[in-house]
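Step one of this worksheet: look at the structure below.
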Amino acid sequence: MHYSDLRESGQFFTVSGTGIVTDCSHHFLEQLGYPAGAVLGTGLDALLWNTGWDAFAELTGELLDNPGMPVALLLLQTAANKPFGIRFFPETRENSIRYAYLPADQPVPVVGNDAVLMSKVLSHDLKEPLRKMAQYTDRIRGSAELSADNRMLLQLTNDLCYQTMERLEAFREYLYFSAPAMADGSFLPMADLVAKVWERVSEEHGVERSLLQYESSVLRVWGHPERFQRLFYHLLDNAVKFRSADRPLQIAVRIMPAGGHVTITVDDNGRGFAAEFARDVFGLFRKLDKHASGTGAGLAICRKIAEGYGGTVSASVLSPAGTRIRIDLPVSCS
Numbered sequence: 001m002h003y004s005d006l007r008e009s010g011q012f013f014t015v016s017g018t019g020i021v022t023d024c025s026h027h028f029l030e031q032l033g034y035p036a037g038a039v040l041g042t043g044l045d046a047l048l049w050n051t052g053w054d055a056f057a058e059l060t061g062e063l064l065d066n067p068g069m070p071v072a073l074l075l076l077q078t079a080a081n082k083p084f085g086i087r088f089f090p091e092t093r094e095n096s097i098r099y100a101y102l103p104a105d106q107p108v109p110v111v112g113n114d115a116v117l118m119s120k121v122l123s124h125d126l127k128e129p130l131r132k133m134a135q136y137t138d139r140i141r142g143s144a145e146l147s148a149d150n151r152m153l154l155q156l157t158n159d160l161c162y163q164t165m166e167r168l169e170a171f172r173e174y175l176y177f178s179a180p181a182m183a184d185g186s187f188l189p190m191a192d193l194v195a196k197v198w199e200r201v202s203e204e205h206g207v208e209r210s211l212l213q214y215e216s217s218v219l220r221v222w223g224h225p226e227r228f229q230r231l232f233y234h235l236l237d238n239a240v241k242f243r244s245a246d247r248p249l250q251i252a253v254r255i256m257p258a259g260g261h262v263t264i265t266v267d268d269n270g271r272g273f274a275a276e277f278a279r280d281v282f283g284l285f286r287k288l289d290k291h292a293s294g295t296g297a298g299l300a301i302c303r304k305i306a307e308g309y310g311g312t313v314s315a316s317v318l319s320p321a322g323t324r325i326r327i328d329l330p331v332s333c334s
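As structure tokens, this is what we get:
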């Protein structure tokens, strides 16, 4: 079960198998008039009771008017005015609504992972107002008669909004990956995964794809696609971002088995860092170069992803110049 804004795909929220609301579209939250923190982690029956049901019924009317939406809605109503619930499921037939009774003695589930919950609160309650502020300042700058000083102040306000949004997104990702990795992973083809991530990073920075050297004695590593994609994205993005102006960039990725562990190393010949900061580079929002782009959260997120598998990360200085990031993961490979 997934969600997004109604105007994008016609879905509203994510519900766990035990009936807990784990995510909710901002559009739906606006209709409810609730902050994300009052909705996430609650039971679905509580969400759709009273004003929640009115808001959902209104939005559902728009959904059902769309004949191209391959979703059927199963509404569950309990006897004796008990709360409502809803379930989304794939349906090949024309959209329809079905009714059934939910057992009156069904237990109310308990709240789940706090880190994931907090990441959703950050995404909905903090980022969205900032996004709107940035939009409003853009409109004012484009339409109003402003003095040069006031236009500059609006530009600064706009820039600060986007910088804060960027930091909130990084913090949300950091919290999201603070949760331990689940046991539902699979064996991931590392060469394909790294190649796809590098394709994105090289396009974003405008560098040649041939700059990356890949070496591995394993074909697959057990894990989760989203976690490994973000892990390699931040590692490769950092390597390109902090390249040296004095020499052509070179990056080497190696994945090797090591006594029941998998060792991943990413080497570059970039600017490097002073050896005494080897631990500091993994701190959240820790930027050794205050003028560098980005939030300073990439390696902190990598650390959380590694720790989610019970692994470790380390950084070292290469000679004559450059950086090595090493990640040891106690996961299976083939």
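Each step along the sequence shown adds one to the number in UniProt numbering, with nothing skipped, and position 211 is 211. Glycine included, C-beta positions come from ideal geometry on N, C-alpha and C.
Reference residue i, options the options, closest by Cα
i      : options                           : result
Phe307 : Lys290, Gly296, Phe282 and Ser316 : For the record, residue 307 in the displayed sequence is Glu; it is not Phe. The shortest C-alpha separation from Glu307 is found at Phe282.
Arg243 : Val331, Pro180 and Val207         : Val207
Ala275 : Leu211, Ala321 and Asp246         : Ala321
His291 : Asn150, Val21 and Lys241          : Lys241
Val176 : Arg209, Arg227 and Thr295         : Here residue 176 is Tyr; the residue named in the question, Val, does not match the sequence. It is Arg227 whose Cα lies nearest to the Cα of Tyr176.
Nearest-angstrom Cα separation, counted from residue j out to residue i
i      : j      : result
Ser334 : Ser217 : 9 Å
Leu284 : Gly260 : 29 Å
Glu145 : Leu188 : 56 Å
Cys161 : Gly311 : 35 Å
Arg326 : Tyr309 : 15 Å
Ala183 : Leu168 : 28 Å
Ala148 : Leu154 : 10 Å
Phe277 : Pro330 : 26 Å
Arg93  : Pro225 : Residue placement at Arg93 is poorly supported in this model, since its pLDDT is 35, which falls under 50; the coordinates are not used for a value here.
Gly270 : Glu173 : 26 Å
Gly185 : Arg254 : 22 Å
Ala179 : Lys304 : 8 Å
Thr137 : Arg279 : 40 Å
Val21  : Ser202 : 37 Å
Lys196 : Arg209 : 11 Å
Asp328 : Thr42  : 37 Å
Phe171 : Gly223 : 22 Å
Arg247 : Leu156 : 35 Å
Ala245 : Val39  : 49 Å
Ile140 : Lys132 : 12 Å
Glu199 : Ser316 : 26 Å
Val111 : Gln163 : A caution first: Val111 carries a pLDDT of 32, below 50, which makes its placement in the model unreliable, though a value can still be read off. So the alpha carbons of these two residues sit roughly 32 Å apart.
Rounded distance between the beta-carbons of residue j and residue i, thought under 8 Å
i      : j      : result
Leu318 : Gly272 : 7 Å
Asp267 : Arg230 : So it is not a contact: roughly 20 Å between Cβ atoms.
Leu193 : Phe232 : 7 Å
Met152 : Leu130 : Rounded, the Cβ-Cβ distance is 20 Å, inconsistent with contact.
Ala134 : Asn158 : 5 Å
Beta-carbon gap between residue i and residue j smaller than 9 Å
i      : j      : result
Ile301 : His234 : yes
Pro257 : Thr265 : no
Tyr214 : Ala239 : no
Ser332 : Val221 : yes
Ala181 : Leu219 : no
Leu299 : Leu249 : no
Gly296 : Arg286 : yes
**Every unbroken alpha helix (DSSP H) within the stretch 140-212, with a cutoff of 4 residues, ordered by chain** = 148-176 and 190-205
- At 3 residues or longer, and completely inside the stretch 257-323: list those beta strand (DSSP E) runs for me, N to C. 261-268 and 312-317
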